[in-house]
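Peer 1: Numbers in my numbering are just positions in the sequence shown, counted from 1, shifted up by 4.
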Amino acid sequence: RTMKALLYWLAVHEVHARVKLNPSFGGSLPERTTMSCDDMEVADAIRYVMTELRRLSNTYRYAALTSCHGAQTSDANFDGRNLFLDLEFDMLRRQLSRHDIIVFKDDEDRITGMAIDEFPDVKFRERPDPDV
């Protein structure tokens with residue numbers, strides 16, 4: 005039983021090793037279920053994320069998905085479910101940016117919003133300063 009718990013802990017933390025637990029959190033976490041990145045529900049969530057990311061700013065209009073590193077689902081704190089995605093984007097000309105994203109779904113399985121761990125940084129080509 006201890007070995008099974010250890011293997012489960014390692015599997016969960018390997019997928020989301022970049023996410024750190026809030027030390028002041030006092031509740032219990034809902035159990036997550038691993039999903040395939042090829043699952044239709046995950047594909048719909050990724051499509052939503054890409055649309056919303058591009059709508060956030062003109063800076064992100066060239067963003068493209070390069071890889072889905074993992075997907076999990078669990079019950080939400082109140083109603084509905086959450087999808088936890090570990091996605092990598094090419095923001096512009098091989099500027100790779102990896103992010104943990106949560107997609108929120110309501111009781112009727114409709115996507116209601118998303119959260120991203122941090123905004124991607126995009127560097128554009130700067131023109132040389134003519135005064136230098």
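Ideal Cβ positions, reconstructed from N, Cα and C, are used throughout, including at glycine. Predicted model, so just to flag it, every value in this text is computed and none were measured.
Can you tell which of Phe-93, Tyr-64, Gly-74 has its C-alpha closest to the C-alpha of Thr-38?
Peer 2: Here the question's residue 38 lines up with position 34 in the sequence shown. When only C-alpha atoms are compared, the closest one is Gly-74.
Peer 1: Could you please give the first and the last residue of the uninterrupted alpha helix (DSSP H) stretch that includes Thr-70?
Peer 2: What you label residue 70 is simply residue 66 of the sequence shown in a count that begins at 1. The continuous stretches of alpha helix (DSSP H) do not include Thr-70, which lies in the beta strand (DSSP E) extending over residues 68 to 79.
Peer 1: Hey, quick one: how far does the beta strand (DSSP E) through Arg-85 stretch, first residue to last?
Peer 2: Here residue 85 refers to the residue found at position 81 of the sequence shown. 85 to 94 is the extent of the beta strand (DSSP E) around Arg-85.
Peer 1: Report the partner residues of Ile-120 according to the DSSP bridge assignment.
Peer 2: As a working note, residue 120 is residue 116 in the sequence shown. Note: Ile-120 sits in a beta bridge opposite Ile-105.
Peer 1: Does Met-44 pass the burial test, meaning 16 or more other C-beta atoms within 10 Å, or should it be called exposed?
Peer 2: Position 40 of the sequence shown, counted from the start, is the residue given in the question as residue 44. With fewer than 16 Cβ atoms within 10 Å of its Cβ, Met-44 is classed as exposed.
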